[in-house]
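Notes to accompany the following structure.
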Amino acid sequence: MNNIAETVAVFVRKYRKKREMTQEELAEKCGLHPTYIAKIESGRQVCSLKTLSRLADALSVSPHALLGQIDKKQAAVYQFQNEHLRDILEKGNKSDKEMLFAVAETLIKKRKKSKS
58 MNNIAETVAV FVRKYRKKRE MTQEELAEKC GLHPTYIAKI ESGRQVCSLK
108 TLSRLADALS VSPHALLGQI DKKQAAVYQF QNEHLRDILE KGNKSDKEML
158 FAVAETLIKK RKKSKS
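Last residue of the sequence shown: 173 in the working numbering, with the numbers rising by one and none dropped.
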């Protein structure tokens, strides 16, 4: 993504859909017009920091999340999880590795089904 408007567009749309909200519902929750939400989600409108904050509140995320960033606490959780998975792959027994791959395959199949 090459600019802030495009980044915000992607993440506003992502979190809105994740919460099963329409653009109209999000607009109402933020006190904005639905066409303004549509323009933000298409990347045609750069919103103010105040609007970004209102969107974040309505979507129950931090403003950082709408900018494609994560907070330090979440980054630490990701790092711990990655290190734990790496330990299993490097030091785990055959059974642990097989179980980990089975879970990963199940998750991939589930995501493919939900996208179709």
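C-beta: ideal position from N, C-alpha, C; glycine also.
Keep in mind the model is a prediction, meaning the values are calculated, not measured.
Test item: CB-CB of residue i and residue j under 8 Å
i, j, result
"MET80", "ALA95", "For clarity, residue 80 is Gln in the given sequence; the question names Met instead. Yes; because the gap between Cβ atoms is below 8 Å, this pair is in contact."
"LEU112", "LEU123", "yes"
Residue environment, residue i, which counts as buried when at least 16 other CB atoms sit within 10 Å
i, result
"TYR135", "exposed"
"GLU98", "buried"
"LEU142", "exposed"
Whole-Å CB distance - residue i paired with residue j, under 8 Å assumed
i, j, result
"PHE68", "GLY125", "6 Å"
"VAL65", "LEU116", "Between LEU116 and VAL65 the Cβ distance is about 12 Å, and since that is not below 8 Å, they are no contact."
"LEU157", "ILE165", "About 13 Å; that fails the 8 Å criterion."
"LEU83", "ARG73", "5 Å"
Which listed residue (the options) has its alpha carbon closest to that of residue i
i, options, result
"GLU85", "LYS169, VAL103 and ASP114", "ASP114"
"ARG101", "LYS75, GLU147 and ASN60", "ASN60"
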